[in-house]
Ligand SMILES: Cc1ncc(COP(=O)(O)O)c(C=O)c1O
């Protein structure tokens, strides 16, 4: 099989991830914060070490401001649902993933107003329109994706966050496709908001753990209430971090694996990124020469995603040919109906997304573009 679905989840995982998960399971590791015995402390150490490694890449002001969740979706739901009042007003983009679009859609039925800023053909936010709208003082929250999961197109995070700071509006950033693929800038003084992502995509970690990095005083209501090991004599949810959001037993072994992935990326991340981008550009250039295809991302300024649709008809024959040759891609709508609507791909059955990993080879990509060319040529 040729695996070109790294934007869904990475494979293979970083070296050391499986061993770290196994080690945490076979070593004397208890539960976090439930006691002060050595096994409980060993579990607490695993979470703390991972938080420290995460702080290095998300630049929160303290390790406890990197809150563990199950995945990016859960982090986004806490940040969005937990920070808007029924009559709240949100500014977002035209191409958000369902992890953002569905919570917003749900809130709309509760009276929340959702506005979309001007976006270019790939859904990149127009920073001037974004700033102008925030300047009206009408918004309670901004939500935008760092890197789009259909086109790979990257938003100007730094300038969008600067607008939020200037106009005192909290932000929620969906960094699911960005982490591991690009550096997250240090946000300036006055930044209030959350950066949400999973560990299992560009960071090459295991599935089962996500992060909500918190900036400034941004403090959404928790979605889950329960035991934290702290303040056990009270029925009040602790309001300190990370316990405010981390009720119930954490995925301790998975978090040990996540730490191994972060360690690997700290050393090899740049080279891995360079290779992913190099390979994705080779595929992009090759597919862009096939006249029947329409490229869906910008050539520059995108994560290692190459999405195409057909100019006429449906993508089905292409998807079937790839499936028959055991090329694992994602075809269809990518949990991104808004992005497909924005790009006008619905009439073709969506798109085929190739998402490249650093372990792919040029020979694999050649085989993929040969397959596509054969179908397009009717061979
Ligand atoms: C842009 C974007 N946001 C959010 C998510 C949700 O991530 P997860 O499934 O890890 O919660 C994805 C997953 O593909 C994504 O691509």
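In the working numbering, the protein residues as written are 1 to 379.
Just so it is clear, CB atoms sit at the ideal spot from N, CA and C, and this is done for glycine as well.
Buried or exposed for residue i, please, with buried defined as at least 16 other CB atoms from any protein chain shown within 10 angstroms of its CB.
i, result
"residue 183", "exposed"
"residue 110", "exposed"
"residue 240", "exposed"
"residue 135", "exposed"
"residue 220", "buried"
"residue 86", "exposed"
"residue 312", "exposed"
"residue 212", "buried"
"residue 270", "exposed"
"residue 108", "exposed"
"residue 198", "buried"
"residue 218", "buried"
"residue 330", "buried"
"residue 26", "exposed"
Sorted by chain position, which residues of the same chain lie with C-beta nearer than 8 angstroms to residue i's C-beta, five sequence neighbours on each side aside?
i, result
"residue 247", "222, 224, 225, 226, 227, 228, 237"
"residue 19", "260"
"residue 190", "165, 168, 216"
"residue 295", "284, 287, 288, 306, 307, 308"
Among residues of its own chain, excluding the 5 on either side of residue i, which ones have a beta-carbon nearer than 6 angstroms to its beta-carbon?
i, result
"residue 53", "259, 262"
"residue 208", "251, 254"
"residue 280", "304, 306, 356"
"residue 156", "127"
Can you pull the DSSP bridge partners for residue i?
i, result
"residue 182", "179"
"residue 307", "353"
"residue 295", "308"
"residue 215", "193"
"residue 66", "213"
"residue 173", "144, 195"
"residue 327", "2"
"residue 332", "351"
Compare the C-alpha of residue i against each of the options and name the closest.
i, options, result
"residue 12", "121, 362, 371, 357", "357"
"residue 97", "73, 201, 130, 375", "73"
"residue 257", "15, 6, 9, 8", "15"
"residue 266", "347, 203, 283", "203"
"residue 89", "205, 337, 169", "169"
"residue 249", "230, 234, 76", "230"
"residue 82", "285, 275, 171", "171"
"residue 318", "348, 344, 296, 272", "348"
"residue 137", "157, 155, 163, 126", "163"
"residue 104", "126, 131, 78", "78"
"residue 359", "273, 118, 320, 377", "273"
"residue 24", "245, 365, 39, 367", "39"
"residue 21", "322, 99, 205", "205"
"residue 84", "275, 323, 140", "140"
Provide the residue span of the alpha helix (DSSP H) that contains residue i, from first to last.
i, result
"residue 163", "157 to 166"
"residue 58", "38 to 58"
"residue 262", "252 to 288"
"residue 80", "72 to 81"
"residue 29", "Where residue 29 is concerned, there is no enclosing alpha helix (DSSP H), given that its DSSP letter is neither H nor E."
"residue 371", "362 to 376"
Which same chain residues end up closer than 7 angstroms to residue i when comparing Cβ atoms and leaving out the 5 residues on each side of it in sequence?
i, result
"residue 123", "93, 94, 95, 148, 151, 153, 339, 342"
"residue 43", "29, 30, 31, 32, 252"
"residue 116", "92, 93, 94"
"residue 66", "51, 54, 55, 58, 60, 211, 213"
Where does the unbroken beta strand (DSSP E) through residue i begin, and where does it stop?
i, result
"residue 196", "193 to 198"
"residue 113", "113 to 116"
For residue i, verify whether its CB is less than 7 angstroms away from any heavy atom of ligand 2.
i, result
"residue 177", "This structure lacks ligand 2; the ligands present are ligand 1."
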